[in-house]
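Novice:
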Amino acid sequence: MFGFVLARLLRSLIVLFATVTFVFIVLRLSGDPAQQMLSDIATPEALAAFRTQWGLDRSIAEQYLLYLANAFQGNFGTSFADGREVFTVIGERVPKTLSVTVPAFLLTMLIGIPAGILAAVRRETAADKAVMAGAVVGYSIPNFLLGVALIYLFAVWLRVLPSSGSSTWQHAILPVATLVLAGAATISRFTRSTLIDVLGQPYIAAARADGIPEREIILRHALPNAAIPLVTMLGFGAGGMLGGAVFVETVFAWPGLGSGFVRAVNSGDLNVVQAMILTFTAFMVSINLTVDILYAALNPKIRLGNHDAS
Amino acid sequence: MTQARTPAWSGRRPRLPAFGWPLSIWMCGAWIAAAIAVGATAQWIAPYDHLQQFPLTRLAAPGALPGHVLGTDYLGRDLLSNLLAATQTTLVIALVGSLICAVIGTSLGLLAAHFGGWLDNLIMGLADAMASVPFIVVALGILAFFGSSPLLFMLLVGIANWERYARLTRGLILSANLEGYAEAARIIGVPDRRVYWRHILPNIAGPLIVQLTVNFPEIILLESGLSFLGLGIQPPATSLGLMVADGRNYLATAWWLSALPGLIIVVTTLSISLLGDFLRDRFDARLR
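In the order they appear, the protein sequences are chains A and B. Quick note on this note's numbering: the first sequence kicks off at 55 and runs consecutively. Quick note on this note's numbering: the second sequence kicks off at 5 and runs consecutively.
1) With DSSP as the reference, label T76/B as helix, strand or coil.
2) Please list the residues of the region 272 to 284 of chain B that have a C-beta atom closer than 8 Å to any C-beta atom in chain A, keeping them in chain order.
3) DSSP has R81/B in a bridge; who is on the other side?
4) Give a yes or no on whether the minimum CB-CB distance between S370/A and chain B is below 8 Å.
5) Work out the CA separation of G245/B and A184/A for me, nearest whole Å.
6) Which residues of chain A have a Cβ atom closer than 7 Å to the Cβ of G234/B, listed in chain order?
7) Between which two residues does the alpha helix (DSSP H) containing S28/B stretch?
8) With 16 as the cutoff for other CB atoms within 10 Å, does F337/A come out buried or exposed?
9) Between which two residues does the alpha helix (DSSP H) carrying D124/B extend?
10) Anything in chain B within Cβ reach of F334/A, meaning under 8 Å, just list it in chain order.
11) Under the three-state reduction of DSSP, which class applies to V74/A: helix, strand or coil?
12) Roughly how many angstroms separate the alpha carbons of L352/A and G166/A, rounded to a whole number?
13) For P59/B versus G80/B, is the C-beta distance shorter than 8 Å?
14) Check whether the Cβ atoms of A117/B and I213/B lie closer than 8 Å to each other.
15) Taking the straight line between their C-alpha atoms, what separation do you get for L278/B and V218/B?
16) Express the C-alpha separation of P283/A and N342/A in angstroms, rounding to a whole number.
17) Just grab the DSSP bridge partners of E139/A for me.
18) I'd like the list of long-range same chain contacts for A258/B, defined as Cβ closer than 6 Å, with 5 residues on each side in sequence excluded.
19) Please go through the same chain and pick out, in chain order, the residues whose beta-carbon is closer than 7 Å to the beta-carbon of A241/B, but skip the five residues on each side of it.
20) Applying a beta-carbon distance threshold of less than 7 Å, which residues of chain A neighbour A256/B?
21) So, does the CB of L324/A fall closer than 8 Å to a CB anywhere in chain B?
22) Using DSSP with H/G/I as helix, E/B as strand and the rest coil, what is L69/B?
23) Report all residues from its chain with a CB closer than 8 Å to the CB of A239/A; omit the five preceding and five following residues, and keep chain order.
24) Going by other Cβ atoms of all chains shown within 10 Å of its Cβ, with 16 needed for buried, is I171/A buried or exposed?
25) Taking just the CA atoms, how far does C105/B sit from A148/B?
26) Excluding sequence positions up to five away, which residues of its chain have a Cβ less than 6 Å from the Cβ of H225/A?
27) Any Cβ of chain B within less than 8 Å of the Cβ of I195/A?
28) State the start and end residues of the unbroken alpha helix (DSSP H) segment that holds W211/A.
29) Tell me whether A263/A is buried or exposed, calling it buried when 16 or more other Cβ atoms sit within 10 Å of its Cβ.
30) Contact defined as beta carbons within less than 8 Å: I believe Q215/B pairs with L172/B. What is the distance between those atoms, to the nearest angstrom?
31) Give, in chain order, every residue of the region 241 to 253 of chain B whose Cβ lies closer than 7 Å to some Cβ of chain A.
32) Which of the residues in the region 208 to 232 of chain B, read from start to end, lie with their CB under 8 Å from any CB of chain A?
33) Take the Cβ of T162/A as the centre, count every other Cβ of all protein chains shown within 10 Å, and call the residue buried at 16 or more, exposed below.
34) At 4 residues or longer, and completely inside the region 195 to 259 of chain B: list those alpha helix (DSSP H) runs for me, N to C.
35) Can you round the beta-carbon distance between I347/A and V59/A to whole angstroms, since I take them to be within the 8 Å contact cut?
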């Protein structure tokens, strides 16, 4: 178990390094950074000063090390939009994003997993068909469209909820609802198919032949075995929330990382863009690491130290 | 399994299998056929040029104005013509994107399976990395650094999900290589390239085509999403996502400007998903 976790930790670090390196290469490939960060009318002196400040006059290897050092200290320079430190700009937006994605994630699980279990256990009944129909529709409506539809319904037509901004807790309801509806559709579909797979296994048939009550079979035998693939699904669910935040925050003008990312891309604020890419990657890497550790803790093959089986 | 659930099926007298398909599947098929027809002929069947403005009759409701069946938008452009043009753009991009994705993913999967070793590790490592970050983050990064051009945009939606084809192809080829027919072809001296192209590829095409039907709607959603954010298709060209974004400012007075393109997105992706699921179930049952 310890070795497993250590290996995953190492892999996470490698992914982070690879991303920073990738961003560095793309930045250098896409043109002269000094010219890009400043503007076309920058004086030669200003360009030279910028190059010295960021070490652009040194060798490419030195530049890379310098870039790494800066990146891991969170030093990405200043945003062109308002001249503030990129680190501060991002730091302000992180809590805003967490305040919609964390509740949305929890609600998605609370709705999606029981709905999927219900559909799998009552397979081919009206309950199953209703859950699956909801899941297919939820899966086909992109979240930006769902957001616009909810704004029309609750802000324009019923006039009960605000459509944009983040000043009160009511402002969070529609963004969270959008993320939950889209997320629960995927989770319930996955839970259903996983549980159906497990229920088709020979050991379930053996348990049934033994006369163990169906309720017992599902709670004691099927669900613990379905939990392992479900845990990997948590990672996708969390990734879906982060990806969804890009659209949902933009639709509802919620000032989090997602809308900040879109704004930075639209205005060509490359300092913020590169920091956003690394922030999102860091989030995903830590989520995946958590999932891997949970997975190891749940899976007796790994927990008991049999590495071949992993 | 499908057969066990539908006993009525085998009892009927033999007919063309398609006649027994549920009505919903027929409707999906009809919608997809109509969408393809629009995609192929939009510029000829549209009543107006989609950019032509009628400033005196802006924001007309559907049916309110003779000559504009679905009304006009905030610049007085004919909504029907715009919807047709947008559907065409969206479908063409999704089609080209899907093909790019299938070719890149399948080729990389084939390379990984054939050469193994460090190349396999590199390609599969890249696939893992792609799958671990939401693609929208990668897409926004690329658009920020390289700007949005139609060609780049098509390539961009084309590299989304390539790793699924790569993993699938790699797995299928590795297991196909263990099967008798590939081994037999090699023993009688058929060159590798021909074994892959003429023997293995036709045998593994089924799952790859299923993957295509899963991927196609997702590319439609990605394209409309990016266009909605203002980072995809740029005016004067139009796309369904762009129309939803444009109409958003007129929700209180002209909700249909967003609703109609949105409806087309949903019904199209839903139809492809349902038809794909249905066909996969049927073909699986046949193969068993």
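Each residue gets a CB set at the ideal place from its N, CA and C atoms; glycine is no exception. The structure displayed is predicted, hence computed values, not measured ones.
Specialist: For this structure:
1) Within the second sequence, the letter at position 72 stands for residue 76/B. The answer is strand: DSSP assigns T76/B an E or B state.
2) T273, L274, S277, L278
3) Here residue 81/B is taken as the residue at index 77 of the second sequence, counted from 1. In DSSP, R81/B forms a bridge with Q57/B.
4) This structure cannot speak to residue 370/A, because chain A is shown only from 55 to 364.
5) Walking along the first sequence from the start, residue 184/A turns up at place 130. Walking along the second sequence from the start, residue 245/B turns up at place 241. Between A184/A and G245/B, the C-alpha separation is close to 29 Å.
6) By one-based count along the second sequence, residue 234/B stands at place 230. N320, listed in chain order.
7) Taking the first residue of the second sequence as position 1, residue 28/B is located at position 24. It spans 27 to 49 - the alpha helix (DSSP H) in which S28/B sits, taken as one unbroken run.
8) Within the first sequence, numbered from 1, the residue matching residue 337/A stands at position 283. Buried, since its Cβ has 16 or more Cβ neighbours within 10 Å.
9) Here residue 124/B refers to the residue found at position 120 of the second sequence. Residues 121 to 136.
10) Translated into the one-based positions of the first sequence, residue 334/A becomes position 280. The answer, in chain order, is V137, P138, V141.
11) Walking along the first sequence from the start, residue 74/A turns up at place 20. V74/A: helix per DSSP, three-state reduction.
12) Sequence index remark: in the first sequence, residue 352/A carries index 298 (1-based). Sequence index remark: in the first sequence, residue 166/A carries index 112 (1-based). Near 21 Å, if we compare the C-alpha coordinates of G166/A and L352/A.
13) In the second sequence, counting from the first residue as 1, residue 59/B sits at position 55. In the second sequence, counting from the first residue as 1, residue 80/B sits at position 76. A contact, by the Cβ cut-off of 8 Å.
14) Along the second sequence, one-based indexing puts residue 117/B at 113. Along the second sequence, one-based indexing puts residue 213/B at 209. Not closer than 8 Å, so no.
15) In the second sequence, counting from the first residue as 1, residue 278/B sits at position 274. In the second sequence, counting from the first residue as 1, residue 218/B sits at position 214. Rounded to the nearest angstrom, the two C-alpha atoms are 10 Å apart.
16) Here residue 342/A refers to the residue found at position 288 of the first sequence. Here residue 283/A refers to the residue found at position 229 of the first sequence. Answer to the nearest angstrom: the Cα atoms are 14 Å apart.
17) Taking the first sequence and counting its residues from 1, one reaches residue 139/A at position 85. Beta-bridge pairing links E139/A to T132/A.
18) On the second sequence, position 254 is the one that residue 258/B refers to. Cβ neighbours of A258/B beyond the five flanking positions: L63.
19) Locating residue 241/B in the second sequence gives position 237, counting from the first residue. T93.
20) Against the second sequence, residue 256/B aligns to sequence position 252. Ordered by position in chain A, the residues that pass the 7 Å Cβ test against A256/B are V210.
21) Looking up residue 324/A in the first sequence gives position 270. Judged by the 8 Å Cβ criterion, L324/A is in contact with chain B.
22) Here residue 69/B corresponds to residue number 65 of the second sequence, with the count starting at 1. In the structure shown, L69/B sits in a strand (DSSP, three-state: E or B).
23) Indexing the first sequence from 1 puts residue 239/A at position 185. Cβ within range, chain order: G166, G188, A189, V190, V191, G192, Y193.
24) Working through the first sequence from its first residue, we reach residue 171/A at position 117. Label assigned to I171/A: buried.
25) Translated into the one-based positions of the second sequence, residue 148/B becomes position 144. Translated into the one-based positions of the second sequence, residue 105/B becomes position 101. Rounded to whole angstroms, A148/B to C105/B spans 22 Å at the Cα level.
26) Along the first sequence, one-based indexing puts residue 225/A at 171. Closer than 6 Å at Cβ, skipping near neighbours: P216, G219.
27) Position 141 of the first sequence, counting from 1, holds the residue named residue 195/A. Chain B contact via Cβ: present.
28) Here residue 211/A is taken as the residue at index 157 of the first sequence, counted from 1. No alpha helix (DSSP H) holds W211/A; DSSP gives it neither H nor E.
29) Reading the first sequence from its first residue, position 209 is the one you call residue 263/A. Exposed: under 16 other Cβ atoms inside 10 Å.
30) For the purposes of this step, residue 215/B is identified with residue 211 of the second sequence, where counting begins at 1. For the purposes of this step, residue 172/B is identified with residue 168 of the second sequence, where counting begins at 1. Yes, Q215/B and L172/B are in contact; Cβ-Cβ is about 6 Å, under 8 Å.
31) V248, R252
32) P221, L225, S228, G229, F232
33) Sequence index remark: in the first sequence, residue 162/A carries index 108 (1-based). The residue is buried, with at least 16 neighbouring Cβ atoms inside 10 Å.
34) 205 to 232, 244 to 251
35) As a working note, residue 347/A is residue 293 in the first sequence. As a working note, residue 59/A is residue 5 in the first sequence. Between V59/A and I347/A the Cβ distance is about 6 Å, and since that is below 8 Å, they are a contact.
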